[in-house]
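S.K.:
Number of protein chains: 2
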Amino acid sequence: MWLKRLIKKVVPDLQRYFVPEENWKKAKVIIAHDDAHHISRVMRSKPGDKIICNHPSGEAAICRITEITGSHVAADINEWLNESAELPIEVTIAQGLPKSDKMDFVLKKGTELGAYAFIPVQTDRAVVSWDDKKVEKKLNRYRKIVKEASEQSHRNRIPLIQPLTMFNELLDGSDTYDLKLFAYEEEAKTEKFQSFALHVQSLAPGGKVMIVIGPEGGFSEREATLLKQNNFLPVRLGPRILRTETAALYALASISYQFEELGCR
Amino acid sequence: MWLKRLIKKVVPDLQRYFVPEENWKKAKVIIAHDDAHHISRVMRSKPGDKIICNHPSGEAAICRITEITGSHVAADINEWLNESAELPIEVTIAQGLPKSDKMDFVLKKGTELGAYAFIPVQTDRAVVSWDDKKVEKKLNRYRKIVKEASEQSHRNRIPLIQPLTMFNELLDGSDTYDLKLFAYEEEAKTEKFQSFALHVQSLAPGGKVMIVIGPEGGFSEREATLLKQNNFLPVRLGPRILRTETAALYALASISYQFEELGCR
């Protein structure tokens, strides 16, 4: 069965750039640094070409390039867009530090799938621990990863990257969320399990959820106990055993499916 | 709110191996090749240790190792398990050949998320095309990837890897599916869109669905037209633009959420 339907293109397929607040002037926007280089050298754009610029507020505008210099690009704001590709639920992924480049993967794919924020968390069973000197460098790299992934997936917002957080601090700062979940492998192995879907359905648009995911070795018993004491609910994400870097993606895709495809019923 | 619940461990946490049919003898099973090496050298198991062996039928049994030689491992069947971690829907992912190692990624993560089968498809806009001589080698490597991912995610079945398929052949062989979908980026950009969730909900447990995903450049217009003519329904997978290697994961996580977490309602 092939249903007839109306296709209405709402937004043209232009290159997108997130531009910091201070670079928006009345009817004009200034693009600097890497993005200016991307426009002039990678895209080889010329004055007159159009781009989409995203304001930190989430608004976006079609802009026409007026000037390209060695250090920056100037563009006139042509038309504000009325589009949103943001999940109606603010999903914060608190990810126990995984091995090798798996955090990059979680950030890239999690951004594509609509995450609101990421918190890198130091947990008991993490194999890696961050060198103090490298923390800021790592966080800056993460911010770059999520900015680029946001542009590619046509997000309106760049997900927040929170500072490296100790497990206990995570619990202390968790009272502002409407729903707090943790992916608990033991749940996938039990016959009775807390229903992830039931909890997701309890959210209303605008709701805030934090999902805590352990590193490769999972949570220690101490951590699982503390999570429960702090009103985090254990959930399984399907009956199969997922790798740490897949758990966030399952959760985000499911929340998108529930609220963006299935509808809020 | 922390609900009290019964935790019942149904299956112990043992290493799992898929054993081909011919190696199952009455009350005994023989493990050969790489898996025998894995048991003796990587796991350093000894006679008396337990493993879980998966029969190609989907059944699995706890087995006790009786003999370890240089070439094989023998084990007695102790107890047949009554467990299933298989998606109630048979999801076949027809993936347009992507660049670099993205197919490996789709196979690994798709297996974790419960895919039934994968079909590598040659499409118009694929940047890569496979050298005839390398096809069999590639497919064998893919079979190894999905076997290992199946063991790690505690699957009962190893997903099928179909031969490299030309786009037109894919259409010709698609009549046996209950539902045929294709991920169409244009859908994500429109205000009116076909509902992925509506189609998923139309499936009953045991149903067979094929989801066709284009390569990086998407489908050509010719392909999109042919897909529609052959009763493939275009769907968006959320409102954000997903990379080709993320689309299968979104679809599989959503189908798992619908049938394994939300329940069949």
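Here the protein sequences come in this chain order: Z and S. Mapping the first sequence onto the working numbering, position 174 (from 1) lands on 174, and the numbers just tick up by one. Mapping the second sequence onto the working numbering, position 161 (from 1) lands on 426, and the numbers just tick up by one. Idealized CB from N, CA, C, for every residue including glycine.
(1) Find the nearest neighbour of Z/Ile-93 within the set Z/Val-106, Z/Arg-222, Z/Tyr-17, Z/Arg-155, judged by alpha-carbon distance.
(2) Which residues does DSSP pair with Z/Gln-122 in a beta bridge?
(3) In the DSSP output, what is Z/Trp-24 paired with across the bridge?
(4) Looking at the secondary structure, which residues open and close the alpha helix (DSSP H) in which S/Met-368 lies?
(5) Once DSSP output is grouped into helix, strand and coil, what is the label at S/Ile-272?
(6) Taking all protein chains shown into account, decide if S/Ala-340 is buried (16 or more other Cβ within 10 angstroms of its Cβ) or exposed.
(7) What's the gap between the Cα of S/Ala-448 and the Cα of S/Gly-479?
(8) Mind checking whether S/Phe-283 and S/Lys-412 have CB atoms under 9 Å apart?
(9) Out of S/Arg-306, S/Asp-314, S/His-464, which one is the CA nearest neighbour of S/Met-475?
(10) Anyone know if the C-beta pair for Z/Asn-203 and Z/Ala-115 falls short of 9 Å?
(11) If you run the structure through DSSP and keep just helix, strand and coil, what is Z/Arg-16?
(12) Exposed or buried, S/Leu-436, counting other C-beta atoms within 10 Å across all chains shown (16 or more means buried)?
(13) Just the chain S side, please: which residues come within less than 8 Å of Z/Gln-95 by C-beta, in chain order?
(14) How about Z/Glu-112 and Z/Ala-149: do their beta carbons lie closer than 9 Å?
(15) Less than 9 Å between the beta carbons of S/Pro-385 and S/Leu-429, yes or no?
(16) Assuming S/Ile-327 is part of the alpha helix (DSSP H), what are its boundary residues?
(17) Please classify S/Glu-525: is it buried, with 16 or more other beta-carbons within 10 angstroms of its beta-carbon, or exposed?
(18) Quick check: the Cα distance between S/Gln-280 and S/Ser-310, rounded to an integer number of angstroms?
(19) Could you name the residues that DSSP lists as bridge partners for Z/Leu-280?
(20) Let's test the definition: count the other Cβ atoms within 10 Å of the Cβ of S/Ser-305 and tell me whether it reaches 16, buried, or not, exposed.
(21) Compile a chain-ordered list of the residues in the stretch 366-378 of chain S whose CB is closer than 8 Å to at least one CB of chain B.
(22) Helix or strand or just coil, what does DSSP make of S/His-303?
(23) Just by C-beta distance, which residues in the stretch 194-209 of chain Z are closer than 9 Å to chain S?
(24) Where does the unbroken beta strand (DSSP E) through S/Asn-405 begin, and where does it stop?
(25) Inspect the beta-carbon positions of S/Pro-353 and S/Gly-482 and report whether they are closer than 9 Å.
(26) Which first and last residues belong to the alpha helix (DSSP H) in which S/Gln-466 is found?
(27) What residue range is occupied by the uninterrupted beta strand (DSSP E) comprising Z/Thr-92?
(28) Is there a C-beta anywhere in chain S that falls below 9 Å from the one on Z/Ala-253?
(29) For the stretch 95-106 of chain Z against the stretch 234-248 of chain Z, do three or more pairs of beta-carbon atoms, one drawn from each stretch, fall closer than 8 Å, so that the two count as touching?
(30) Just the C-alpha distance for Z/Trp-24 and Z/His-55, rounded to the nearest angstrom, thanks.
(31) Mind checking which residues open and close the beta strand (DSSP E) that includes S/Ile-476?
(32) Out of curiosity, what's the CA-to-CA distance linking S/Lys-293 and S/Trp-395?
(33) What are the residues that DSSP puts in a beta bridge with S/Ala-339?
(34) According to DSSP, which residues form a beta bridge with S/Val-500?
(35) Let me know the secondary structure DSSP gives Z/Lys-228 once reduced to three states.
(36) Determine the chain Z residues that contact S/Pro-504 at a beta-carbon separation under 7 Å, and present them in chain order.
M.R.: Reading from the atomic positions:
(1) Nearest C-alpha to Z/Ile-93: Z/Val-106.
(2) Z/Met-166
(3) Z/Val-29
(4) 367-377
(5) Its pLDDT being 34, under 50, S/Ile-272 is placed unreliably in this model, and the value from its coordinates should be taken loosely. Looking at S/Ile-272 - three-state DSSP - the assignment turns out to be coil, as it is neither helix nor strand.
(6) buried
(7) 7 Å
(8) yes
(9) Comparing Cα positions, the closest option is S/His-464.
(10) The question names Asn, but residue 203 of chain Z is Leu in the sequence shown. Not closer than 9 Å, so no.
(11) strand
(12) buried
(13) Near Z/Gln-95 there are no residues of chain S at all, since even the closest Cβ is about 16 Å away, more than 8 Å.
(14) yes
(15) yes
(16) No alpha helix (DSSP H) contains S/Ile-327, which is instead part of the beta strand (DSSP E) from 325-333.
(17) buried
(18) Straight across, the Cα-Cα distance linking S/Gln-280 with S/Ser-310 is about 10 Å.
(19) What the structure shows of chain Z is the stretch from 1 to 265, and residue 280 of chain Z is not part of that stretch, so it cannot be assessed.
(20) Around the Cβ of S/Ser-305, a 10 Å sphere holds 16 or more other Cβ atoms; the residue is buried.
(21) Judged by its chain identifiers, the structure shown contains no chain B, and its protein chains are Z and S.
(22) helix
(23) Gln-194, Ser-195, Phe-196, Ala-197, Leu-198, Val-200, Gln-201
(24) First-last for S/Asn-405: 397-417, but that is the alpha helix (DSSP H), not the beta strand (DSSP E).
(25) no
(26) Unbroken alpha helix (DSSP H) run through S/Gln-466: 461-466.
(27) 90-96
(28) yes
(29) Short answer: they touch.
(30) 8 Å
(31) 473-478
(32) 41 Å
(33) S/Ile-295, S/Glu-332
(34) S/Ala-448
(35) helix
(36) Ala-85, Glu-260
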